[in-house]
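Read the sequence shown against UniProt numbering and you will find it ends at 189, with the numbers running on by one and no gaps. Worksheet: one structure, shown below.
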Amino acid sequence: MKVYTKTGDKGTTALFGGTRVPKDHIRIDSYGTVDELNSYIGLIRDQEMDSHYKTILIEIQDRLFTVGAILATPQEKEVLKNGELRLKNLGIIDSDIELLENEIDKMEESLPQMTHFVLPGGHQTVSYCHIARCVCRRAERLAVHLSHNEHVPEIAIRYLNRLSDYLFVLARKLSSDLKAEEVKWIPRK
């Protein structure tokens, strides 16, 4: 299989099911941003950290491939001609969101209560988490925007929302683990 097909040379690309759309279509922007997020999470996973975090990040990356597949599939192409679901073995389920919530709760047990906003930074790994969090929020906004005009399963949006929370808490936890300086945001008076 060749990497290049030349089918996109005129600015269109195919969704799951073969429908061709312009490369700047909101659906392409949505799953492209999820792909960008997945790459940033890979960058976080490549940093020195507890192996448990790496295991969870691999699980998240796997789920993000699923979210991308969901976003790349128009509703009219969700069912194959033989009646089978196109993504029958893929999907985001409640336990995927519960995993993120449980991980957030575990990390927060060892963190002080937040009393102020924190400026992103303090350590390279922490900064990567904040970048991923911002990209995740953008992916969520794009998925919501797509959902105004086309079908997007609500659970995919919920997953992205919870994932951004996870990435924020992971940044805080890694700041603590790495003894990184947290700089408080101080508004002007």
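Beta carbons: idealized from backbone N, C-alpha and C, even for Gly.
DSSP three-state label for residue i, please.
{"i": "Thr12", "result": "strand"}
{"i": "Val34", "result": "helix"}
{"i": "Val67", "result": "helix"}
{"i": "Leu99", "result": "helix"}
{"i": "Arg188", "result": "coil"}
{"i": "Leu119", "result": "strand"}
{"i": "Val21", "result": "strand"}
{"i": "Val183", "result": "strand"}
{"i": "Val169", "result": "helix"}
{"i": "Ile56", "result": "helix"}
{"i": "Thr7", "result": "coil"}
{"i": "Val144", "result": "helix"}
{"i": "Gln47", "result": "coil"}
Who are the Cβ neighbours of residue i in its own chain at under 7 Å, not counting the five residues just before and after it?
{"i": "Tyr159", "result": "Arg63, Val67, Ile92, Asp96 and Ile97"}
{"i": "Gly42", "result": "Gln61"}
{"i": "Leu167", "result": "Cys129, Ala132, Arg133 and Cys136"}
So residue i packs on residue j, CB below 8 Å; how close in whole Å?
{"i": "Ala171", "j": "Cys129", "result": "4 Å"}
{"i": "Gln61", "j": "Asn38", "result": "5 Å"}
{"i": "Glu140", "j": "Ile157", "result": "6 Å"}
{"i": "Arg138", "j": "Thr33", "result": "6 Å"}
{"i": "Lys2", "j": "Gly11", "result": "Lys2 to Gly11, Cβ: 20 Å. No contact."}
Leaving out the 5 sequence neighbours to the left and right, which residues in its chain are closer than 6 Å to residue i when beta-carbon positions are compared?
{"i": "Leu119", "result": "Val183 and Trp185"}
{"i": "Leu90", "result": "Thr66 and Ala69"}
{"i": "His123", "result": "Leu178 and Ala180"}
{"i": "Glu36", "result": "Val135"}
{"i": "Arg45", "result": "Lys54 and Leu57"}
Does the beta-carbon of residue i have 16 or more other beta-carbons within 10 angstroms, so that it is buried, or is it exposed?
{"i": "Arg188", "result": "exposed"}
{"i": "Thr55", "result": "exposed"}
{"i": "Tyr4", "result": "exposed"}
{"i": "Glu103", "result": "buried"}
{"i": "Ser164", "result": "buried"}
{"i": "Leu111", "result": "exposed"}
{"i": "Thr73", "result": "buried"}
{"i": "Ile58", "result": "exposed"}
I'd like the list of long-range same chain contacts for residue i, defined as Cβ closer than 8 Å, with 5 residues on each side in sequence excluded.
{"i": "Val126", "result": "Pro120, Ala171, Leu174, Ser175, Leu178 and Ala180"}
{"i": "Gln75", "result": "Glu150 and His151"}
{"i": "Met107", "result": "Val169, Leu170, Arg172 and Lys173"}
Using a threshold of 7 Å, is the CB atom of residue i nearer than that to any non-hydrogen atom of the ligand ATP?
{"i": "Glu103", "result": "The ligand content of the structure shown is nil, which means the ligand ATP is not present either."}
Requested in this report: Could you tell me whether the stretch 144–151 touches the stretch 20–34, where touching means 3 or more Cβ pairs closer than 8 Å?
Outcome: yes
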